[in-house]
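Residue numbers (our numbering): 6 to 483.
Glycine residues also receive a C-beta, built at the ideal position from the N, C-alpha and C atoms.
Given the structure is predicted, the values throughout are model-derived calculations rather than measurements.
Structure, as structure tokens:
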């Protein structure tokens with residue numbers, strides 16, 4: 006382990022940057038949770054004031070440090086990229102400041118739980134009042150600055166500094182440790198939920214009515230963040246496997262997938278299956294010459310499992326339970342009969358609704374759309390917060406068309422970088438690109454689109470290595 010850490014060749018300034026990045030992630034994640042759950046009519050508690058001020062100081066300090074590193078030392082940088090990021094910061098500043106302190110928006114009721122009395126029906130368009138405090142605006146302005154600084158440094162500064170790809174493997178080991186610790190804590194504190202989950206799925210005991218009461222969440226406040234963490238761990242299993250080709254990475258991925266099932270994060274489960282399928286098929290193809298017989302048997306086995314699973318799930322679903330009714334009933338009980346997709350359609354409609362009154366171009370400002378839809382959730386579902394459940398819609402509602410076009414342009418550029426990086430390290434590019442693909446798909450129906458940048462980080466390292474090699478070759482020719 007000491008040799009591995011020594012091979013990372015990290016300097017003190019590198020460790021400082023890593024600490025700053027980790028602190029930012031904590032500030033953004035925890036701070037966002039504080040802001041979303043705070044009573045809009047209440048005064049800001051002192052701990053949150055302290056936390057907010059400390060976070061703002063960190064952002065200012067990091068911005069100054071980045072300025073010194075880039076500009077005073079004459080480090081090469083693309084001035085047009087810097088101008089775009091500065092424009093986005095200015096755009097969000099204007100969007101947040103022009104938001105009224107209170108107002109009314111028509112939002113659609115997404116869900117009324119069984120047994121809950123409500124004057125509304127699902128799908129009704131209801132006017133709700135919202136409030137945006139000054140501290141909310143201040144926090145969201147600086148959080149946006151911190152987020153854009155993190156994205157810029159993570160893609161245009163860090164990849165040039167952390168040139169040793171062993172660092173990516175090191176991140177994978179940290180991710181494995183986090184996932185295993187979360188699983189152990191869950192086993193110790195939620196043992197009964199695992200038993201209840203198994204009994205419900207097998208049909209031994211379904212007295213609860215649905216599977217919801219048996220879903221584990223470990224240290225998180227909700228099951229989905231735990232499921233997403235396990236999904237991250239699975240992706241890093243394949244990234245680390247691209248380095249060492251050790252068989253135990255598949256075993257660990259299987260262990261994490263089993264734990265993911267108990268969170269019943271449906272999107273996480275489906276995407277983890279997709280990522281595993283693509284990566285395994287890729288490895289079977291590239292190693293076919295060395296292990297032709299083994300790979301052929303594995304391919305036939307995988308194909309058989311896929312066909313059997315498709316028949317067992319597809320036939321009951323298409324026949325609406327006329328064939329294999331027990332399987333159909335299980336699917337309906339577990340998935341809620343498509344209710345999740347229906348409620349998302351109402352949430353997405355609300356996202357378009359809150360920018361329909363002249364806010365298309367500028368957006369409502371970073372973090373503010375969630376505050377606007379918050380009262381609707383309290384009215385219709387008894388929940389105090391829910392996101393817009395779409396990374397693309399979140400970008401559009403927060404930043405308007407300018408942010409959305411910048412985001413799409415960046416994704417196209419990222420695709421170009423991935424193609425170029427493939428020529429440097431095929432295995433690593435494929436495994437990391439699966440992470441990018443996973444969170445692109447995930448952000449279609451969830452709001453955690455920022456995790457895309459985590460997997461673009463090693464891609465940009467490979468890209469810069471390729472560019473440096475081209476420069477060296479030209480200088481040698483000269």
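- Residue burial annotation: residue 101 is buried, with at least 16 other C-beta atoms found within 10 angstroms of its C-beta.
- In the same chain as residue 109, and ignoring 5 residues on each side of it, the C-beta atoms closer than 6 Å to its own belong to 132 and 134, in chain order.
- Within the same chain, Cβ atoms closer than 7 Å to the Cβ of residue 303 are found at 289, the five residues on either side in sequence being excluded.
- Inter-residue distance for residue 305 and residue 413 is about 39 Å (C-alpha atoms, whole angstroms).
- For residue 234, the uninterrupted alpha helix (DSSP H) segment begins and ends at 228-249.
- When secondary structure is reduced to three states using DSSP, residue 324 falls in the coil class, being assigned neither helix nor strand.
- Annotated three-state conformation of residue 132 is strand, per DSSP.
- Nearest C-alpha to residue 450 among 326, 114, 350 and 103: 350.
- Counted as a single uninterrupted DSSP element, the alpha helix (DSSP H) harbouring residue 272 occupies residues 271-291.
- By the Cβ neighbour-count rule, residue 374 is buried, with 16 or more other Cβ atoms within 10 Å of its own.
- Around the beta carbon of residue 430, a 10 Å sphere encloses 16 or more other beta carbons of the protein chains shown; the residue is thus reported as buried.
- Taking 9 Å as the cut-off, the beta carbon of residue 199 is found closer than this to the beta carbon of residue 219.
- When the five nearest sequence neighbours on each side are left out, the beta carbons in the same chain lying within less than 7 Å of the beta carbon of residue 428 are those of 471, in order along the chain.
- No Cβ-Cβ contact shorter than 9 Å links residue 369 with residue 348.
- Per DSSP, the unbroken beta strand (DSSP E) holding residue 112 starts and ends at 107-113.
- Of the other Cβ atoms in all chains shown, fewer than 16 fall within 10 Å of the Cβ of residue 406; this residue is therefore exposed.
- Three or more beta-carbon pairs drawn from the region 458-465 and the region 146-165 are found closer than 8 Å, and the two stretches are therefore classed as touching.
- Counting only the Cα atoms, residue 159 lies some 28 Å from residue 278.
- In the structure shown, the three-state DSSP call for residue 260 is helix.
- Under the three-state reduction of DSSP, residue 254 is assigned to helix.
- DSSP, read as helix, strand or coil, puts residue 89 in helix.
- For residue 364, the closest C-alpha among the options 99, 85, 151 and 201 is that of 99.
- In the three-state scheme derived from DSSP, where H, G and I count as helix and E and B as strand, residue 221 is classed as coil.
- Straight-line spacing of the CA atoms in residue 252 and residue 246 works out to 8 Å.
- Across the structure, residue 226 and residue 295 are spaced so that their CA atoms are roughly 47 Å apart.
- Assignment of alpha helix (DSSP H) within the region 402-468, counting only whole runs of 4 or more residues, yields 431-450 in chain order.
- In this structure residue 97 is buried. Its beta-carbon is surrounded by 16 or more other beta-carbon atoms within 10 angstroms.
- In this structure, the beta-carbon distance from residue 143 to residue 463 does not fall below 9 Å.
- A distance below 6 Å between beta-carbons, with the five flanking residues on each side excluded, links residue 360 to the following residues of its chain, in chain order: 402.
- Its Cα nearest to that of residue 393, the residue 448 stands out among 210, 448 and 214.
- Taken in chain order, the complete alpha helix (DSSP H) segments of 4 residues or longer contained in the region 153-224 are 163-166, 171-194 and 196-207.
- Shown here, residue 349 sits in a helix according to DSSP, grouped into three states.
- Shown here, residue 375 sits in a helix according to DSSP, grouped into three states.
- In the three-state DSSP reduction, residue 296 falls in the coil class, being neither helix nor strand.
- About 6 Å separates the Cβ atoms of residue 284 and residue 439, confirming a contact at the 8 Å cut-off.
- Taking the Cα of residue 229 as reference, the smallest distance to any Cα among 258, 201, 130 and 271 is reached at 271.
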